[in-house]
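In the numbering used here, the protein residues as written are 4 to 467.
The beta-carbon is built from N, C-alpha and C at its ideal position, and this holds for glycine as well.
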Amino acid sequence: MDIKITSDLNTEVLVINKFEGEQTSQELANTYAVEKDNFEGKLGTTYLLHTYGKIQADKILVVGLGKREEVDGNKVTEAVAKAVKKLKQIKAKRAVIDFDGVGNLGKYAVIGAYIGDYNFDKYKTEKDHRLDEIGFNKFSENDVKEGRVFGEAMLLTRNIANEPAEYATPTKLAQMASSFEGLETKIYDREDVKKMDMGAYLAVARGSAEPPKFIHMKYSNGNPKKRIALIGKGLCFDSGGMDLKPASSMLTMRDDMSGAACILGVMNALNKLQPADIEIHGIIAACENMPGQHAYKPGDILTAKNGKTIEVDNTDAEGRLTLADALCYACELKVDEVIDIATLTGACVVALGTAVSGVMGNDEDMIKRVIETAKLSGEKYWELPMYQEYRDGLKSEIADMKNTGTRNGGASAAGMFLKEFVSDVKWVHIDVAGTAFLEKPQGIFCYGSTGAGVRTLLNYVTKA
Ligand code: BES
Ligand code: MN
Ligand code: ZN
């Protein structure tokens, strides 16, 4: 699908908007959709009419934007995504989006087009219907350009996260990271990681025949006034390890690198956005969690990069072990802020469901800023508590801590575990276990990866 700017309304489908209680920009739509059929214009609803040659376009698709006074960027994203889904359904090839009254929200409209168009049909013989081209009228070139970068970033993230584990291996993620332009990227393999004393990450990686890859990407422009590290959980497959998962829970565990996929999408977009006077690090400790002769075992005691010891209570709580070493590594870079994003706990899914991500951290102000940015970015984040009681559950008789506590409050216990590996830096942890990958369509998202975190983190680092 090509996205372009146009003012030529001679197209196959002209897509216009309608606010509730108001007329549209097209006479025909007012006569047929509004007056005859009472199309109200509730957010995301659509009405299709043929023009029979009365105007240049063959068809008009009216899409509801809700009430004018309530409209915002995310509503525009939703309306455009729904409109594009409708365009696909009627097998349209070309369309022009000609919205009135939302002139400064072009970025959000373009993002909506990418989301509505998305489908992972790479492995299907019969491909989905695809639009050739969508033109945008009345939006600024800059807004459309920015929307395109955000849309492409989400697309890349979703494609990587949707790939089977057989394809999206640690080695593959490392190759992709190395291929990105405008970044300084270093890949550490098993021997390097050993030298860096990442005993927790290495233990998780040991059971798999796929070699681990520790990925460090760096974007830098000008004289950095702020330095941020972004860490993505990169479990290319999580079988649970020796504490093997039941089949039904293991089925979608190729998605356990969604955090890593998010960071790859974000880092690749930075070169195109060129935010100034900032340094951004993208860090992924990629590996697989597998049982096998070399696998780490319940009862093992691991030493993380900061010297703290961990009793392995459950090999399925592996993400926090890989993140522990990645957090230590990030803190050693002496950055101002660290954000990690991870499909970390089933408990977070139980608590918040599949539309809302959990947020924890060690700095209230930073937590608030991340949640606020998410709100503006079309994502829903919710703060989960961090109290000493959650840490108490991780007490070990033989090491500094265990890697799991009780099932209850599991998302917060995981947060308290991660906190042990954060030193002298503002830090936020985002649990996307429920939101990164959908087992059935939800809102404007189809089955599979949603690109959770991409819009929020891109907005966060470019507006920092
Ligand atoms: N990758 C899982 C968490 C997860 C669950 C992600 C559901 C997406 C959907 C994580 O590694 C895990 O297995 N967590 C365990 C921790 C437990 C052993 C303390 C869990 O949540 O059950
Ligand atoms: Mn696990
Ligand atoms: Zn996992």
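Beta-carbon separation of residue i and residue j under 9 Å?
i, j, result
"ALA279", "LYS236", "no"
"ASN140", "PHE102", "yes"
"GLU213", "PRO173", "yes"
"TYR111", "GLY69", "no"
"CYS497", "VAL152", "Given a span of 4 to 467 for the chain in the structure shown, any question on residue 497 remains unanswerable."
"TYR204", "ALA288", "yes"
"GLU25", "GLY47", "no"
"PHE240", "SER261", "no"
"ALA164", "GLY381", "no"
"ALA320", "THR409", "no"
"LEU267", "LEU158", "no"
"LEU51", "LYS39", "no"
"THR306", "GLY202", "yes"
"LEU324", "LEU461", "no"
DSSP three-state call for residue i: helix, strand or coil?
i, result
"GLU43", "coil"
"LYS405", "strand"
"SER28", "coil"
"VAL105", "coil"
"MET363", "strand"
"ARG209", "coil"
"LEU254", "coil"
"SER415", "helix"
"LEU3", "With the chain represented from 4 up to 467, any question about residue 3 goes unanswered, as that position is not in the structure."
"GLU321", "coil"
"GLU184", "coil"
"ALA168", "coil"
"ALA298", "coil"
"THR349", "At residue 349 the sequence reads Gly, which differs from the Thr that was named. GLY349 falls in the helix class under three-state DSSP."
"ASN122", "coil"
"PHE420", "helix"
"LYS141", "coil"
"GLY115", "helix"
"THR451", "First, the amino acid is wrong: residue 451 is Gly here, not Thr. It is a strand residue."
Spatial neighbours of residue i within its chain, please: CB distance less than 6 Å, with the 5 preceding and 5 following residues excluded, ordered by chain position.
i, result
"VAL87", "ALA116, GLY119 and ASP120"
"PHE142", "GLY109"
"ASP200", "LYS308"
Do you know whose CA, among the options, lies nearest residue i's CA?
i, options, result
"TYR222", "ALA208, THR357 and ALA180", "ALA180"
"VAL428", "LEU305, GLY437 and ILE342", "ILE342"
"ALA439", "TYR390, ASP403, GLY356 and ALA208", "GLY356"
"VAL113", "GLY138, VAL74, LYS125 and LYS127", "GLY138"
"HIS432", "PRO444, GLU386 and VAL79", "GLU386"
"GLY244", "PRO215, ALA289, LYS300 and SER252", "LYS300"
"TYR390", "VAL37, GLU382, GLY364 and ILE286", "GLY364"
"LEU233", "VAL207, LEU273 and ARG209", "LEU273"
"LEU441", "ARG161, ILE374, ILE93 and LEU46", "ARG161"
"ASN292", "LYS248, GLY381, ILE447 and ILE190", "LYS248"
"GLY310", "MET404, GLU375, GLU144 and ASN224", "MET404"
"ASN271", "PHE183, PHE217, VAL37 and ASN406", "PHE183"
"HIS297", "ALA333, ILE286, SER261 and ALA208", "ALA208"
"GLU314", "VAL353, ILE283, GLY322 and ILE304", "ILE304"
"CYS334", "GLN178, MET220, CYS290 and PHE424", "PHE424"
"VAL470", "GLY56, LYS228 and GLY412", "Summary: the structure shown does not reach residue 470, with the chain confined to residues 4 through 467, and so no result is reported for it."
"ALA84", "LEU64, GLU73, ARG71 and ASP395", "LEU64"
"GLN178", "CYS449, ARG193 and LYS216", "LYS216"
"VAL74", "ASN107, LEU326, TYR55 and TYR50", "ASN107"
Please confirm whether any heavy atom of ligand 4 lies closer than 8 Å to the CB of residue i.
i, result
"THR346", "With respect to small molecules bound, the structure shown includes ligand 1, ligand 2 and ligand 3 and not ligand 4."
Sorted by chain position, which residues of the same chain lie with C-beta nearer than 8 Å to residue i's C-beta, five sequence neighbours on each side aside?
i, result
"ILE58", "LEU12, LEU17, GLN29 and LEU31"
"LEU134", "MET4, VAL87, LEU90, LYS91, ALA95, LYS96, ARG97, ALA98 and ASP120"
"TYR384", "VAL359, SER360, GLY361, VAL362, VAL373, ILE374, ALA377, LYS378, ILE433 and THR459"
"THR188", "ALA180, SER181, ILE218, HIS219, MET220 and LYS221"
By the DSSP assignment, the alpha helix (DSSP H) with residue i in it spans what residues?
i, result
"ILE266", "261-276"
"PHE153", "144-165"
"ARG458", "457-465"
"LYS21", "Where LYS21 is concerned, there is no enclosing alpha helix (DSSP H), although the beta strand (DSSP E) it sits in stretches over 16-21."
"VAL196", "193-198"
"GLU314", "Where GLU314 is concerned, there is no enclosing alpha helix (DSSP H), although the beta strand (DSSP E) it sits in stretches over 312-314."
"ASP395", "391-395"
Tell me which residue opens and which closes the beta strand (DSSP E) that residue i is part of.
i, result
"ALA377", "No beta strand (DSSP E) contains ALA377, which is instead part of the alpha helix (DSSP H) from 367-379."
"LEU51", "49-53"
"VAL66", "62-67"
"SER223", "216-224"
"LYS91", "Premise fails: LYS91 lies in the alpha helix (DSSP H), 76-92, not in any beta strand (DSSP E)."
"ARG230", "229-241"
"GLU282", "281-292"
"TYR384", "383-386"
"ILE433", "429-434"
Which same chain residues, not among the five before or five after residue i, have their C-beta less than 7 Å away from its C-beta?
i, result
"GLN445", "THR357 and ALA358"
"GLU81", "LEU46, GLY47, GLY115 and ILE447"
"TYR14", "Note on residue identity: the sequence assigns Thr, not Tyr, to residue 14. If we look at THR14 and ignore the five residues flanking it on each side, its Cβ neighbours are ALA60, ARG97, ALA98, VAL99 and GLY138."
If you measure from the beta carbon of residue i to each beta carbon in chain D, is any gap under 9 Å?
i, result
"VAL352", "Among the chains in the structure shown there is no chain D, since it carries only a single protein chain."
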